[in-house]
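>
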Amino acid sequence: MNVPSEQNRSATGRTLTWEELEALRQARDGTTPSEPTFSSEAPTVDTVRAQKVLRNTFMLLALTLGFSALTAGAAMMLGLPHPGIIVTLIGYFGLLFLVHKLANRPAGIAAVFALTGFMGYTLGPILSAYLKLPNGPEIIFQAFAATAVIFLALAAYASTTKRDLSFLGGFLFVGILVAFLAGLAAIFFEIPALSLTVSAAFVLLMAGFILFEVNQIVRGGETNYILATVALFVSIYNLFTSLLHLLGVLNSDE
């Protein structure tokens, strides 16, 4: 039977492990055990969670955009009329309330599709009206392309910048509320100039909100991908319809 060498035994006769021998040697030399080093670039748990929320948000956003496009196309093919401002607002806020109510449940995804499908349906008659214009298809394409470029550029910046854009939240909330009320006034009192101003304001506000929301997801401020999806979808919807209105007016003046 092999007997441990004397240099591997402590004063009490117990056999020392190699780790203990190394610790004794470092204590004798006045050094401390080396600590494992971790790269500062290694993702933290919060970073991984934020990336997962961002990925799930963009996946669900792509699906809801496709679904709303289908419902818009169906409304156009069936020649369905626009439901009107009152029904639109009731349907939108009712379904939005449902989404928030079910945001932490699997049924929340169904509520998201119900909301985005309804918004696609309300968009269908609007697109049909533009298609009747001499340059309607070009206007729709320009609005679509501009919306896509703006969203992708802003989302890329917001997801990579080190700046905290949460300070935009208060300004955007007030701005959207004022613009929304002004938009209702423009509709009910039929003020074209005010309607045009509101559309221009909404383009800027929705651009700011896209920056804010994506940055919130990346920084861990928004952890529910269902609510994040709805926020971005509504921003894209309003951005597109506002650009559609502005481009329609500009092209009609030519």
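Here my numbering runs 1140 ahead of the position in the sequence shown, where the first position is 1.
Positions of the beta carbon are idealized from the N, C-alpha and C atoms, including for glycine.
1. Whole angstroms are fine: how far does the CA of residue 1363 sit from the CA of residue 1188?
2. Any contact of the segment 1320-1328 with the segment 1367-1382, i.e. 3+ C-beta pairs under 8 Å?
3. Let me check understanding here. Comparing Cα to Cα, which of 1342, 1269, 1237, 1259 lies closest to residue 1388?
4. Please determine if the segment 1288-1302 and the segment 1345-1355 are in contact, where contact requires at least 3 C-beta pairs separated by less than 8 Å.
5. How is residue 1192 classed by DSSP in three states: helix, strand or coil?
6. Please give me, in chain order, every unbroken run of the beta strand (DSSP E) with length at least 3 that falls completely inside the segment 1316-1378.
7. Take residue 1306 as the anchor and find which of 1282, 1358, 1237 has the nearest alpha-carbon.
8. On the criterion of 16 or more Cβ atoms from any shown chain inside 10 Å, does residue 1252 qualify as buried, or is it exposed?
9. Can you say whether residue 1225 is buried or exposed, counting buried as having 16 or more other CB atoms within 10 angstroms of its CB?
10. Specify whether the segment 1208-1225 and the segment 1235-1248 touch according to this definition: at least 3 beta carbon pairs, one from each stretch, less than 8 Å apart.
11. At what residues does the alpha helix (DSSP H) containing residue 1241 begin and finish?
12. Return the chain-ordered list of same chain residues with a C-beta closer than 6 Å to the C-beta of residue 1384, the five sequence neighbours on each side being excluded.
13. Who are the near neighbours of residue 1381 in its chain, counting only those whose CB is closer than 6 Å to its CB and skipping five residues on each side?
14. Within a Cβ cutoff of 7 Å, which residues of the same chain sit near residue 1348, ignoring the five residues on either side of it in sequence?
15. Taking just the CA atoms, how far does residue 1319 sit from residue 1338?
16. Sorted by chain position, which residues of the same chain lie with C-beta nearer than 7 Å to residue 1276's C-beta, five sequence neighbours on each side aside?
17. Go ahead and label residue 1300 buried or exposed: buried means 16 or more other beta carbons lie within 10 angstroms of its beta carbon, across all protein chains shown.
18. Taking the continuous alpha helix (DSSP H) assigned at residue 1277, which residues delimit it?
19. At the level of alpha carbons, what is the spacing between residue 1177 and residue 1315?
20. What whole-angstrom Cβ distance do residue 1262 and residue 1379 have, given they're in contact under 8 Å?
21. Locate the alpha helix (DSSP H) running through residue 1258, then write down its first and last residues.
22. Under 7 Å between the Cβ atoms of residue 1256 and residue 1207?
23. Measuring straight from C-alpha to C-alpha, what distance separates residue 1232 and residue 1274?
24. Put residue 1244 into one of helix, strand or coil per three-state DSSP.
In terms of the structure at hand:
1. One Cα belongs to residue 1188, the other to residue 1363, and the distance between them is close to 12 Å.
2. No, the segment 1320-1328 is not in contact with the segment 1367-1382.
3. The option with the nearest alpha carbon to residue 1388 is 1269.
4. With a cut-off of 8 Å, the segment 1345-1355 and the segment 1288-1302 count as touching, because enough Cβ pairs lie within range.
5. For residue 1192, the secondary structure class from DSSP, reduced to helix, strand or coil, is helix.
6. For the segment 1316-1378, not a single whole beta strand (DSSP E) run of length 3 or above is found.
7. Closest option to residue 1306, Cα to Cα, is 1358.
8. So residue 1252 counts as buried.
9. Under a 10 Å Cβ-count criterion, residue 1225 is classified as exposed, with fewer than 16 other Cβ atoms of the shown protein chains found around its own Cβ.
10. Touching, no, given that fewer than three Cβ pairs across the two stretches are closer than 8 Å.
11. Here the alpha helix (DSSP H) through residue 1241 covers 1225-1241.
12. Counting only Cβ-Cβ distances below 6 Å, and skipping sequence neighbours, we find 1283.
13. Apart from sequence neighbours up to five positions away, no residue of its chain approaches residue 1381 with a beta-carbon distance below 6 Å.
14. Excluding sequence neighbours, residue 1348 sits near 1308, 1312.
15. If I take the Cα positions, the gap works out to 6 Å.
16. Annotation for residue 1276: 1270 place their beta carbon closer than 7 Å to its own, counting only its chain and skipping 5 residues before and after.
17. Around the beta carbon of residue 1300, fewer than 16 other beta carbons sit within 10 angstroms, so the residue counts as exposed.
18. Unbroken alpha helix (DSSP H) run through residue 1277: 1276-1300.
19. Low per-residue confidence applies at residue 1177: pLDDT is 41, beneath 50, and the placement is therefore not dependable, though the value from the model is reported in the following sentence. The alpha-carbon atoms of residue 1177 and residue 1315 are separated by roughly 48 Å.
20. About 16 Å separates the CB atoms of residue 1262 and residue 1379; that is not less than 8 Å, and the two are not in contact.
21. Unbroken alpha helix (DSSP H) run through residue 1258: 1247-1271.
22. Yes, these two residues count as a Cβ contact at 7 Å.
23. Approximately 31 Å, taken between the alpha carbons.
24. Residue 1244: coil per DSSP, three-state reduction.
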